[in-house]
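Beneath this line is the structure, given in structure tokens, with notes to follow.
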Amino acid sequence: MNEKQKRFADEYIMNGCNGKKAAISAGYSKKTAESLASRLLRNVNVSEYIKERLEQIQEERLMSITEALALSASIARGEPQEAYSKKYDHLNDEVEKEVTYTITPTFEERQRSIDHILKVYGAYIDKKEITQKNIEINIGEYDDES
3 MNEKQKRFAD EYIMNGCNGK KAAISAGYSK KTAESLASRL LRNVNVSEYI KERLEQIQEE
63 RLMSITEALA LSASIARGEP QEAYSKKYDH LNDEVEKEVT YTITPTFEER QRSIDHILKV
123 YGAYIDKKEI TQKNIEINIG EYDDES
């Protein structure tokens with residue numbers, strides 16, 4: 003796979019899987035962009051590269067189980083957590099205000115984190131067992147005529 007094909011694949015991912023835009027952004031001709039994009043997407047090397055990049059991006063974006071449990075443990079211990087807030091003006095396309103602050107978990111949040119950790123390790127019983135028992139009632143003799 004050459005550099006231009008690699009650039010196309012990266013642009014394809016960044017453009018939300020729009021082949022024509024990706025081809026143009028990668029430097030291919032506007033006239034042939036659509037047909038070329040279709041051909042490039044059928045290319046085994048290009049499609050395999052796109053698949054690998056998407057998997058890599060997904061892994062980077064997803065929180066690992068270890069990371070999630072570490073965060074839950076930190077909250078359960080009551081350790082202060084860093085938070086970030088950003089106010090964005092979409093009309094002027096600029097950030098108006100950015101704030102970083104520290105939050106101390108409340109007792110309820112700490113308890114939920116403890117419950118979460120216990121559930122993950124199977125030490126927390128969250129189910130109620132319902133047992134069914136048949137009851138037999140004897141009414142006596144039955145008579146059709148009465």
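Positions 3 to 148 (our numbering) are the ones given, in order, by the sequence shown.
Ideal Cβ positions, reconstructed from N, Cα and C, are used throughout, including at glycine.
It should be emphasised that the depicted structure is a prediction, and the values quoted were computed from it without experimental measurement.
Residue(s) in a DSSP beta bridge with residue i
i: residue 102; result: 86
i: residue 91; result: 96
Close Cβ partners of residue i (< 6 Å) along its chain, the five nearest in sequence each way excluded
i: residue 86; result: 102
i: residue 47; result: 3
i: residue 17; result: 23 and 24
Neighbourhood of residue i by C-beta distance below 7 Å, restricted to the same chain and skipping five residues each side
i: residue 79; result: none
Euclidean distance between Cα positions of residue i and residue j
i: residue 112; j: residue 65; result: 20 Å
i: residue 110; j: residue 76; result: 14 Å
i: residue 68; j: residue 44; result: 38 Å
i: residue 49; j: residue 57; result: 12 Å
i: residue 118; j: residue 59; result: 27 Å
i: residue 133; j: residue 139; result: 19 Å
i: residue 142; j: residue 125; result: 51 Å
i: residue 63; j: residue 136; result: 53 Å
Whole-Å CB distance - residue i paired with residue j, under 8 Å assumed
i: residue 11; j: residue 55; result: 7 Å
i: residue 52; j: residue 82; result: At roughly 41 Å, the Cβ-Cβ gap does not stay under 8 Å, so residue 52 and residue 82 are not in contact.
Cutoff 8 Å; reference residue i; Cβ partners in own chain excluding five residues on either side
i: residue 91; result: 97 and 98
Take every Cβ of the stretch 31-40, pair it with every Cβ of the stretch 3-23, and state whether three or more of those distances are shorter than 8 Å.
-> yes
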